[in-house]
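Encoded as structure tokens, the structure appears first; notes follow it.
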Amino acid sequence: MTQHGLTREALFILKVDRTDDGCWEWTGKVADNGYGHFIFKEHGKAKTVLAHRFSYELFAGPIPEGFFLDHLCLKKHCVRPSHLEPVTPGENNRRHYIKQEVCAQGHPLTGDNVYVPPKHPGQRKCRICLKRISKQNYLRRHPAPPSV
Ligand SMILES: [Zn+2]
Ligand SMILES: [Zn+2]
Numbered sequence: 001m002t003q004h005g006l007t008r009e010a011l012f013i014l015k016v017d018r019t020d021d022g023c024w025e026w027t028g029k030v031a032d033n034g035y036g037h038f039i040f041k042e043h044g045k046a047k048t049v050l051a052h053r054f055s056y057e058l059f060a061g062p063i064p065e066g067f068f069l070d071h072l073c074l075k076k077h078c079v080r081p082s083h084l085e086p087v088t089p090g091e092n093n094r095r096h097y098i099k100q101e102v103c104a105q106g107h108p109l110t111g112d113n114v115y116v117p118p119k120h121p122g123q124r125k126c127r128i129c130l131k132r133i134s135k136q137n138y139l140r141r142h143p144a145p146p147s148v
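Numbering-wise, the sequence shown is residues 1 to 148 according to this note's numbering.
Spelled out as structure tokens, the structure:
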């Protein structure tokens with residue numbers, strides 16, 4: 001129990017804002033490097049942990065020793081466990097090197113325009129392109145009546 005009479009877990013969840021684009025944005029302290037910090041009291045002492053790591057361990061399970069959590073949605077203050085994937089430091093560096101900032105059509109692959117398919121959390125898709133493709137598919141299935 002904490003000073004507020006809430007468990008650490010309950011306090012943590014209070015600071016999470018589930019946004020429409022599927023991210024769990026951290027509303028607590030965000031450090032200069034963009035990562036959320038979760039501060040709680042343990043045995044009367046203030047303790048600070050990285051919010052996304054706390055979230056992953058709370059909901060998904062222990063992070064393997066020496067692994068980083070990579071943000072698949074690229075929002076460093078997002079704490080949604082399904083947007084996080086444990087990777088080795090080497091893999092993390094490699095990914096950030098190749099991580100696209102624009103899609104094949106040149107749309108920005110950042111923020112709200114990124115769609116992470118729930119069944120394939122390793123993928124990042126462009127919402128603008130997804131919309132365009134689904135419209136094309138729709139028109140293909142529902143051709144306009146021939147003009148007379
Ligand atoms: Zn996210
Ligand atoms: Zn696009």
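Yeah, the Cβ is synthetic: ideal placement off N, Cα and C, and Gly gets one too.
None of these values were measured; they are calculated from a predicted model.
Item                                                                                                                       : Value
Stretch pair the stretch 70 to 81 + the stretch 15 to 32: three plus CB contacts closer than 8 angstroms                   : yes
Nonlocal neighbours in the same chain, by C-beta distance under 7 angstroms from Phe67, ignoring five residues either side : Pro86, Val87 and Thr88
Burial state of Gly36 (16 or more Cβ within 10 Å)                                                                          : buried
Buried versus exposed call for Val148 [16 or more other C-beta atoms within 10 Å across all chains shown]                  : exposed
Unbroken stretches of the alpha helix (DSSP H), 4 residues or longer, contained in the stretch 69 to 101                   : 89 to 98
Opening and closing residue of the alpha helix (DSSP H) in which Arg140 lies                                               : Arg127 to Arg141
Cutoff 6 angstroms; reference Arg127; Cβ partners in own chain excluding five residues on either side                      : Asn113 and Tyr115
Contact set for Leu109: own chain, Cβ-Cβ below 7 angstroms, skip 5 residues either direction                               : Gln100, Glu101, Val102, Cys103, Arg124 and Cys126
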